[in-house]
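Q: Chains as they are written, first to last, in this note's numbering: chain A, 1 to 250; chain B, 1001 to 1322.
Glycine residues also receive a C-beta, built at the ideal position from the N, C-alpha and C atoms.
This structure is a prediction, so every number in the text was calculated from the model and none was measured.
The following block contains the structure, expressed as C-alpha cells.
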C-alpha cells in the first residue's frame, strides 16, 4: 500500500531538550499504526509533529521532513495541514460553551460553511461515525460538557471527523476512560480505518495489539522497532522491544 | 442537653486552650456582621436625611428635569442621565481597547514583553483620580476642543449627539477620561479570565485548522466570557461612581441635552460640587442625599444583575469540563 505519511530524519526539541531523535518511518494509507513506549519516550511529540501542533508550544521546534501524499507539510500553511490531519487529545476537550451540535459543526464553520442542511448532514454523519449519534440524537442542543467522559471523547472524535481529514492522530485517547468506554473507542478505531489513516499513541500494549496493523516502539526519543503488530509482539527483533513488551524493563 | 453540661463543656474547651478559637470565632463573626450592619446604617441614615426631599417631591423627583436652588425645585433626570451616558460612553470606548489589551497580553505577547506590560497596565489603575483629572484639563480637554471633537463633527455632525460647540469639557470628554480610567481594571481582570482558559481548549481549535485569531475567538473568548463579563461590570461600577476626574472634565451644567458635546453633570459630580451649599437642613441638601441614594441603588442593581448573569452563564457549564 502507498505511504500516506513519510517521515524522514525527524527530530524535535523543547528549548534545548531533545524529545525525538532522527526518526524515519512511513504510515500506510488505511492502516492503524500504534506508537508505544514508556512515558516520556517522545510518542506524543512525534505525532504532534505530524500536524504541526508541536510548534504551538513556546520554544518548541522540529527538523527533518514529514510528507503527506508526497508534500512536505512544513512547506504548507500549518492551518491547511491541520485541516487534513485531525487530532484527538489525551483529555477530552469539547468546547464547554457550545452545544453538542455546535461542537461537531465548529470545524466546518471555521471553513466558512453556513448552509444549515450541509451542516446538519455533516453533524449526523460525524456523530454516526463516532458511534455517538444514538446516545445524543435527542439532546443535540445540550452543552458538550454535559456528556460523560467517554461520550465527550467520542464527541471530540466526531468534531475531528466532521472536517473530513485524511489522517486522524489520536494521542492516548483512552487514558482517562473506563474499560467500557475504552472498548467503544477501540471498536470505533476499527471502523474508522476504512476511511482514514489512523495513528494512535498508547501506553497500553494490549490496546496496540487489539487495534493496530503496525506498531512502532519508541524509547528515549529513538525509534527502536517498527513492524506489523503481530510480528512486533510475537517475534520482537530487538532486545529492548522484547524487554518492554514482556514487562522486564530496567 | 442540660445547661450545666453546656457550661462544663465550655469550661473544658477553655481548659484545653480553645479560648483563643472561641474568641477568634466571635471576633470574626462580629466584624462580618458589622460590615453588613454598616451598609444598613448608611442606607437608613441617608433615607432619614433624604426624607424631606422624598416627602416634598415624591416619585416626581425621579422624572424632574430641573435642578433650581432659587425656586427650590429639584429633579434627578439631568444627573441620572449624565451618569448613564458617560458610563455607557466609557464602556463603548473602554471595552474594545481593554479586550484588545487583554488578548494581546494573554494570547499574543512574547514572554519578554508580557510581564513588564502587565505591570504597566496594572499601574495605570493606581494613578489617583485627581491626577487623571489634571491631565484631562491640561492635555485632553484642549485636544478634544481643537482636534477630536471638530473632527467628529466633520464626519458625524448630522447626528444630534454631536451638535453644539466643542468645548473640551463636556459629557464626551468625561466619557473618554472614564474610559481611560476603567481600561486597567477591565483589561487586568479579563486577562486573568483568558489565562484561566485551559491550553487544551486552544489546542482543540488549532487542531481543527483554526488560525490564532479563530482559536482565540472560538475557544478562548467564549470559554472566558463569564469572567470577561464580570470584568466589564467591575469597570462599569467604577465608571458610575467615579467622581473627581469626571467633575473636572464634564463642564458642570445642571441641564439635560442630547448632545455629547454639551456639558453635563453626573450624580457624583453634582454631589461633589454642591455638598457645601445650602443650610445644614435645607431641601437642597436633602435632595442631594436622595440622589446619593439613587446612585447607591444604581450600583446595587448593576452588581446584582452582573452576579445573576455570571452565575447563569456558569451554570450552563462553563469551566465544568476541566
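By the 8 Å beta-carbon criterion, what residues does the stretch 93-106 of chain A contribute toward chain B?
A: 93, 94, 95, 96, 97, 98, 106
Q: Throw me the rounded Cβ distance for the residue 1272/B and residue 1247/B pair, which I believe falls under 8 Å.
A: 5 Å
Q: Looking only at C-alpha atoms, which of 1301/B, 1296/B, 1311/B sits nearest to residue 1040/B?
A: 1296/B
Q: Taking just the CA atoms, how far does residue 1152/B sit from residue 1238/B?
A: 27 Å
Q: Using a Cβ-Cβ cut-off of less than 9 Å, give me the residues of the stretch 217-249 of chain A that come near chain B, in sequence order.
A: Nothing from the stretch 217-249 of chain A brings a Cβ to less than 9 Å from some Cβ of chain B.
Q: Between residue 56/A and chain B, is the shortest Cβ-Cβ distance under 8 Å, so that the two count as touching?
A: yes
Q: Does the distance from the CB of residue 1243/B to the CB of residue 1083/B come in under 8 Å?
A: No; because the gap between Cβ atoms is not below 8 Å, this pair is not in contact.
Q: With residue 144/A and residue 95/A assumed to form a contact (beta carbons below 8 Å), what rounded beta-carbon distance in angstroms separates them?
A: 6 Å
Q: With a threshold of 8 Å, are at least 3 pairs of Cβ atoms found where one atom belongs to the stretch 52-63 of chain A and the other to the stretch 113-122 of chain A?
A: no
Q: Can you list the residues of chain A that residue 1242/B reaches, using a CB-CB cut of under 7 Å?
A: None at all; the shortest Cβ gap to chain A is about 32 Å.
Q: Can you tell which of 1269/B, 1190/B, 1210/B, 1030/B has its C-alpha closest to the C-alpha of residue 1225/B?
A: 1190/B
Q: Quick check: is any heavy atom of the ligand FMN less than 7 Å from the C-beta of residue 1095/B?
A: Absence of the ligand FMN from the depicted structure is noted, as is the absence of any ligand whatsoever, leaving it without description.
Q: Grouping DSSP H, G and I as helix and E and B as strand, with all else coil, what is residue 98/A?
A: coil
Q: Could you give the first and the last residue of the continuous alpha helix (DSSP H) run that contains residue 126/A?
A: Here the alpha helix (DSSP H) through residue 126/A covers 116-129.
Q: Compare the C-alpha of residue 120/A against each of 131/A, 104/A, 129/A and name the closest.
A: 104/A
Q: As a quick exercise: from 122/A, 117/A, 97/A, pick the residue whose alpha carbon is nearest that of residue 107/A.
A: Residue 122/A is the option with its Cα nearest to residue 107/A.
Q: Determine the contact status of residue 1264/B and residue 1250/B, defining contact as a CB-CB distance below 8 Å.
A: yes
Q: List the residues of chain A that residue 1225/B touches, going by C-beta distances under 8 Å, in chain order.
A: Under the 8 Å cutoff, chain A gives 97.
Q: For residue 1200/B, would you say it is in contact with chain A, using Cβ-to-Cβ distances shorter than 8 Å as the test?
A: yes
Q: Please confirm whether residue 1311/B has its beta-carbon closer than 8 Å to some beta-carbon of chain A.
A: Chain A has no Cβ within less than 8 Å of the Cβ of residue 1311/B.
Q: Exposed or buried, what is residue 1116/B when buried is set at 16 or more other beta-carbons lying within 10 Å of its beta-carbon?
A: Its Cβ having fewer than 16 others within 10 Å, residue 1116/B is exposed.
Q: Apply the 10 Å Cβ neighbour rule to residue 250/A and answer buried if 16 or more other Cβ atoms are within range, or exposed otherwise.
A: With a pLDDT of 47 at residue 250/A, under the threshold of 50, the modelled position of this residue cannot be trusted; read the value that follows with caution. The residue in question, residue 250/A, is exposed, as its Cβ has fewer than 16 Cβ neighbours within 10 Å.
Q: What does residue 1222/B reach in chain A if we use C-beta pairs closer than 8 Å?
A: Annotation: Cβ neighbours of residue 1222/B in chain A (cutoff 8 Å, chain order): 95, 97, 98.
Q: Strictly below 7 Å CB to CB, what residues from chain B border residue 83/A?
A: 1209
Q: Could you say which of 223/A, 248/A, 237/A, 235/A lies nearest to residue 251/A if we only look at CA atoms?
A: Look at the range of chain A in this structure, 1 to 250, and you will see that residue 251/A is not part of it.
Q: What in chain A is Cβ-close to residue 1188/B, meaning under 7 Å?
A: Here the premise fails: no neighbours, minimum Cβ distance about 22 Å.
Q: Can you list, in chain order, the residues of its chain with a C-beta nearer than 6 Å to that of residue 2/A? Leave out the 5 residues immediately preceding and following it.
A: 29
Q: Taking only three categories from DSSP, how would you classify residue 1165/B?
A: coil
Q: Would you grab the beta carbon distance between residue 1103/B and residue 1216/B for me? Rounded to a whole angstrom, and I think it's under 8 Å.
A: 6 Å
Q: So, residue 1236/B versus residue 1087/B, is the Cβ gap smaller than 8 Å?
A: In this structure, the beta-carbon distance from residue 1236/B to residue 1087/B falls below 8 Å.
Q: List the endpoints of the continuous alpha helix (DSSP H) containing residue 1057/B.
A: 1019-1057
Q: Check whether the stretch 163-171 of chain A and the stretch 189-205 of chain A are in contact - that is, three or more C-beta pairs closer than 8 Å.
A: yes
Q: For a minimum of 4 consecutive residues, which ranges assigned as the alpha helix (DSSP H) are wholly contained in the stretch 1068-1147 of chain B?
A: 1077-1103, 1111-1124, 1129-1135
Q: Whole angstroms are fine: how far does the CA of residue 1213/B sit from the CA of residue 124/A?
A: 28 Å
Q: On the DSSP letters alone, give me the boundaries of the alpha helix (DSSP H) that residue 1224/B sits inside.
A: Careful: residue 1224/B lies outside any alpha helix (DSSP H) and carries neither H nor E.
Q: With 7 Å as the C-beta to C-beta threshold (strictly closer), list the residues of the stretch 36-52 of chain A near chain B in chain order.
A: Look at the stretch 36-52 of chain A: the residues with a C-beta under 7 Å from a C-beta of chain B are 51.
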